[in-house]
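Asks: Add 8 to a position in the sequence shown, counting from 1, and you land on the number used in this note's numbering.
This is the structure, below, for whatever I ask next.
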Amino acid sequence: MSAAAPAPLSMPDDMQARLAAAGVTDEASLQAALAADPALAADLQTFLEGAVEALPEMGVMALLAAFAQAENRQQMMEFWRGVPAGMEEDFMEAVEAFIAQAEAEGESETAQALAARLESFRQIHVAATQAQEARQELQEMPPTVRAVIAFIQAGDDAAAAALFAQQRALLQPYEAQQMLDEQVRSDDPAMQARIIERSALLRQLRGAAPTPAPTAALQSPISNPQGNLYQAGRDQHFFSAHAESGGVATVVNNLFIQSLERRWQPPQPQAFDARFLVDRPQEMDAVREALAQEGRVAVTGQTSFVAVQGMAGVGKTALARLLAQNPGDAYPDGVIWEELGPDFTAPEQAQAILRRWAGYATGFFGLPENLQQIFVFEPDAVRHLLAERPRLLVVLDNVWSLAAAQPLRQALPPGSHLLVTTRSQEIARGLGGGQVEVGRLSEAEAIELCARRLGWRPDTAQRQGADAWIFALLAGIERHALGLDVALGVLRREGGGQRAEWQAAAARLLAAIRGGDLGDLTQADDLSRNVQVVLLYSVRALDQESQGRFRRLGSFAPEAPFTTADAAQVWGCDQESARRSLTLFANAALLERQPDGGGWRQHALLRGVALSLLSQAGEGDAAAAAHARAYGDAMAAADDEQRYYQMLPALPQLRHAFDWAAANDLELALSIAANCANLQNQFGQTRQAGEWAERLLAAAQAGRAGPATLARAFGHRANRLSEIATLPGEDRRARLLQALQAYDDALQYYRPEVAPLDYAMTRSGGWSEDATGAGGSDVVVERV
């Protein structure tokens, strides 16, 4: 039996004769003949339908003839490529029928030959179909998943490294490492071994995750806002600053506050436990004299400025606290204490503080925070209120940006005194006032610290005798305030209340200082190596669990407060266990309690030690991810419950979490930004929210996002632009047009096949900022 090509279909002779008799020569005459003769039209229709049904069979028969000629797998591959797409399954069914017919007719050799060819054809077709499905599935995956799979499938380590260099934007972020570590699996032992090897290679190639460069602030497109006054009730007037195109925001200025009821509430700093603050009489006298001298020489209309400057850890803040707690008769109107820190970098951040200062003089602003956000405070207006009680001491602790603190300086009335603590000589000089440099402890101050920490005062008469060991320790630490505090914590922890045990612990500590054992630990250049050894020694004296928890404190924002619940979330333990660890660290001077139960804070030097140890242990990414998720979850819950004021102290931690997530986990960064938006709007940082939106969109457009994430980034930017449009000095129309364009851009990516529910929400007038995504591969990527 052989497969012969079928003869082409032809029109029957009688049909051709009938058409000729009807005078059919072209399309027009054919239509006329069919209209005139219904029987001819019906017969012609029957013929055409049969011909159409026969066409696929004719194609299959032609393929069978070629199929029978394929002698090897290469020829079969060429034959498979020639089969029309979509006809493969029909063709295989036809071959099976042909084989059955051959067997029925006793042609077993023909059946066996065709069966062997059919099996080869089927194998080729199945493999090609699977490969096509895998390619299609890969194309539908998020870009990071595709990059990770390509990294795994690279031929060797050199090829993988080259791919990493090409796809750094996708493979550098921690989300790629986490996916490879935790979500990629294979049932094939060899492939699973390769996945493990590539995970280690990726970690090596990534190194430390980069810190994203700050994005320039959104520039206002309008330079000449106009405004008017309108009466809000009785003698109260608002000033409405607005752009020509209609944006409105209420500005509190002198005109507004002139007739407000005065209700003075003297500001008082938070209470500190003075038992743990060492008196520094020489420095205290120097600061008081500088403040008094500046007051005597100050030009009318100015405020006296004095800066307390010194290296990290020498006790600048402690000195300022002592002065604030003991103001004497010099400041009868009160003491204002504001802790700024390295996160306070933009003048807009002063708005929440200016609002609080205004509240000392009038009860008008005793409104819920969600109502107060409509007011934008001019420093001159706040100064007008405070000028009625000007004998104030204002302490700005830990200033890192003179420009960010400028609105606060402008708000101070003549006759008040401003004390600034800073590490920066440039900031101290930039104040233009007095300057007091705080250095290391004097011997008397160091002895006083020993007395307060150990309950025992070294005898100077025994400097070379029984107490020589403690004076050797003071010299070894160079009487650095923080270093000595930590060292005394080591003695207290290792020696209990026994002086002989203290001496033994001090000997071990001095041996470590002489050995200079820092490993790869690197700290600030202005901190002596001896002090660095003390800090490291104190950490290494902890048990293993405590060391691990201390390391993970390095993932927190520098010099920013945090709560016991925050630490428990990052550590993955219950709050009682976290509280015990935090108390241990505080007792060892590795952490400080915030006053009035306000949580905890770690000095920048100790946080640097934790961060270095975290990096050495290879735990930096995981700890940073846990920190970002913890604060993202906390902010999401607070946003749902509208507890914005409670989250204000956590804003530095939220910014820190966002910075890491923007570089390493785009979906998490989008969630943090969306949940922080109301908090930022409440406290005068709407433009910062806009900057975050620009950074997120740039990251998404750089190839790190699929369509759903791109849509979410555009939608988030649109929401922020619509909020920026309401700010003073903004061109409302221009900003809203930008927002509308961003919404349109979002809809270009929010296709129903990508995110049908969210797409439906956008079409019905809402906008969802929820995350969506998809994944899948022949190498299984688990969603966790």
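Each residue gets a CB set at the ideal place from its N, CA and C atoms; glycine is no exception.
None of the values given here were measured: they were computed from a predicted structure.
#1: Ordered along the chain, which non-local residues of its own chain (more than five positions away) have a Cβ less than 7 Å from that of Leu38?
#2: Which runs of the alpha helix (DSSP H) fall wholly inside the stretch 130 to 188 and span at least 4 residues, in chain order?
#3: CB His488 to CB Val444, shorter than 7 Å?
#4: Grab me the residues of Phe172's own chain with a C-beta within less than 6 Å of its C-beta, minus the 5 sequence neighbours each way, in chain order.
#5: Which value, in whole angstroms, describes the spacing of the CA atoms of Arg740 and Thr734?
#6: If we count the other Cβ atoms within 10 Å of its Cβ and call it buried at 16 or more, is Glu434 buried or exposed?
#7: Hey, could you find the ends of the alpha helix (DSSP H) Leu481 is sitting in?
#8: Put Phe99 into one of helix, strand or coil per three-state DSSP.
#9: Measuring alpha carbon to alpha carbon, tell me which of Ala74, Gly607, Arg587, Gly580 ends up nearest Pro569.
#10: Look at Val407 and Thr430 and say whether their C-beta atoms are less than 7 Å apart.
#11: Decide if Leu748 is buried, meaning its Cβ has at least 16 other Cβ atoms within 10 Å, or exposed.
#12: Is Leu517 near Leu492, with beta carbons less than 7 Å apart?
#13: Roughly how many angstroms separate the alpha carbons of Arg271 and Leu544, rounded to a whole number?
#14: Could you check if Trp88 is buried or exposed, using at least 16 other CB atoms within 10 Å of its CB as the buried criterion?
#15: Is the separation between the beta-carbon of Gly723 and that of Ala754 shorter than 7 Å?
#16: Assuming the contact rule is C-beta atoms closer than 8 Å, Phe666 and Ala681 should be a hit. Round their C-beta distance to whole Å, please.
#17: Output the distance between the C-alpha atoms of Pro150 and Ala636, rounded to the nearest integer angstrom.
#18: At which residues does the beta strand (DSSP E) containing Asp405 begin and terminate?
#19: Here's a check: name, in chain order, each residue in its chain whose Cβ is nearer than 6 Å to the Cβ of Leu718, leaving out the five neighbours to either side.
#20: Residues in the same chain with beta-carbon distance under 8 Å from Glu61, minus the five sequence neighbours each way, listed in chain order, please.
#21: Identify the continuous alpha helix (DSSP H) that holds Val494 and give its terminal residues.
#22: If you draw a straight line from the alpha carbon of Thr2 to that of Arg500, how long is it in whole angstroms?
#23: Can you name, in chain order, every residue of its own chain whose Cβ lies under 7 Å from the Cβ of Ile230, other than the five neighbours on each side?
#24: In its own chain, which residues sit with a C-beta less than 7 Å from the C-beta of Arg26, not counting the 5 before and 5 after it?
#25: Compute the distance between the beta-carbons of Asp725 and Leu705, then report whether it is under 7 Å.
#26: Would you decide whether Ala685 is buried or exposed? Buried here means 16 or more other CB atoms lie within 10 Å of its CB.
#27: Assuming the contact rule is C-beta atoms closer than 8 Å, Leu662 and Arg615 should be a hit. Round their C-beta distance to whole Å, please.
#28: Where DSSP assigns a beta bridge to Glu346, which residues make up the other side?
#29: Buried or exposed for Asp22, going by 16 or more other Cβ atoms inside 10 Å?
#30: Along the chain, where does the alpha helix (DSSP H) that runs through Thr325 open and close?
#31: Give me whichever residues DSSP pairs with Phe570 in a beta bridge.
#32: For the 8 Å Cβ check, are there 3 or more pairs between the stretch 545 to 556 and the stretch 585 to 599?
#33: What residue ranges within the stretch 708 to 753 form continuous alpha helix (DSSP H) runs of no fewer than 4 residues, ordered along the chain?
#34: When you compare the CB positions of Ile344 and Val402, do they come within less than 7 Å of one another, or not?
#35: How would you label Ser116, buried or exposed, when you count the other beta carbons within 10 angstroms and need 16 or more for buried?
#36: Are the Cβ atoms of Ile157 and Ile203 separated by less than 7 Å?
Replies: According to the structure data:
#1: Only Val32 meet the Cβ criterion.
#2: Correct list: 151 to 161, 165 to 174, 176 to 179, 182 to 186.
#3: No; because the gap between Cβ atoms is not below 7 Å, this pair is not in contact.
#4: Taking Phe172 as the centre and dropping the five residues before and after it, the same chain places the C-beta of Leu179, Leu213 closer than 6 Å to its C-beta, in chain order.
#5: Their Cα atoms are separated by approximately 6 Å.
#6: Answer is exposed; the Cβ neighbour count stays below 16.
#7: 476 to 484 is the extent of the alpha helix (DSSP H) around Leu481.
#8: In the structure shown, Phe99 falls within a helical segment according to DSSP collapsed to helix, strand and coil.
#9: If we check each option's Cα against that of Pro569, Gly607 comes out closest.
#10: Going by C-beta atoms, Val407 is nearer than 7 Å to Thr430.
#11: So Leu748 counts as exposed.
#12: Contact: no.
#13: Distance from the CA atom of Arg271 to the CA atom of Leu544, rounded to whole angstroms, is 51 Å.
#14: Buried, because 16 or more other Cβ atoms sit within 10 Å of the Cβ of Trp88.
#15: Taking 7 Å as the Cβ cut-off, Gly723 and Ala754 qualify as a contacting pair.
#16: Contact holds; Cβ gap of about 6 Å.
#17: Pro150 and Ala636: Cα-Cα distance of roughly 22 Å.
#18: Annotation for Asp405: the continuous beta strand (DSSP E) segment containing it runs 401 to 405.
#19: Taking C-beta separations shorter than 6 Å and ignoring five residues to either side along the sequence, the partners of Leu718 in its chain run Ala708, Tyr757, following chain order.
#20: Low confidence applies to Glu61: its pLDDT is 48, below 50, so where it sits in the model is not reliable, and the reading given next is rough at best. Result list for Glu61: empty, nothing under 8 Å.
#21: Residues 489 to 503.
#22: Because the chain here runs from 9 to 792, residue 2 falls outside it and cannot be looked at.
#23: Here the model assigns Ile230 a pLDDT of 31, short of 50, so the residue's position is not dependable and the matter cannot be decided.
#24: Leu48, listed in sequence order.
#25: Checking the displayed sequence, the identity of residue 725 turns out to be Arg instead of Asp. Contact check for Arg725 against Leu705 passes: the beta carbons are separated by less than 7 Å.
#26: Label assigned to Ala685: buried.
#27: Actually they do not touch by this definition, with Cβ atoms about 17 Å apart.
#28: Residue pairing by DSSP places Glu346 opposite Leu404 in a beta bridge.
#29: Label assigned to Asp22: exposed.
#30: For Thr325, the enclosing alpha helix (DSSP H) begins and ends at 324 to 333.
#31: Trp608.
#32: The stretch 545 to 556, when compared against the stretch 585 to 599, does touch it at the 8 Å Cβ threshold.
#33: Listed in chain order, the alpha helix (DSSP H) runs fully inside the stretch 708 to 753 are 715 to 732, counting runs of at least 4 residues.
#34: Against a cut-off of 7 Å, the Cβ pair of Val402 and Ile344 comes out as a contact.
#35: With fewer than 16 other Cβ atoms from the protein chains shown falling within 10 Å of its own Cβ, Ser116 counts as exposed.
#36: Going by C-beta atoms, Ile157 is not nearer than 7 Å to Ile203.
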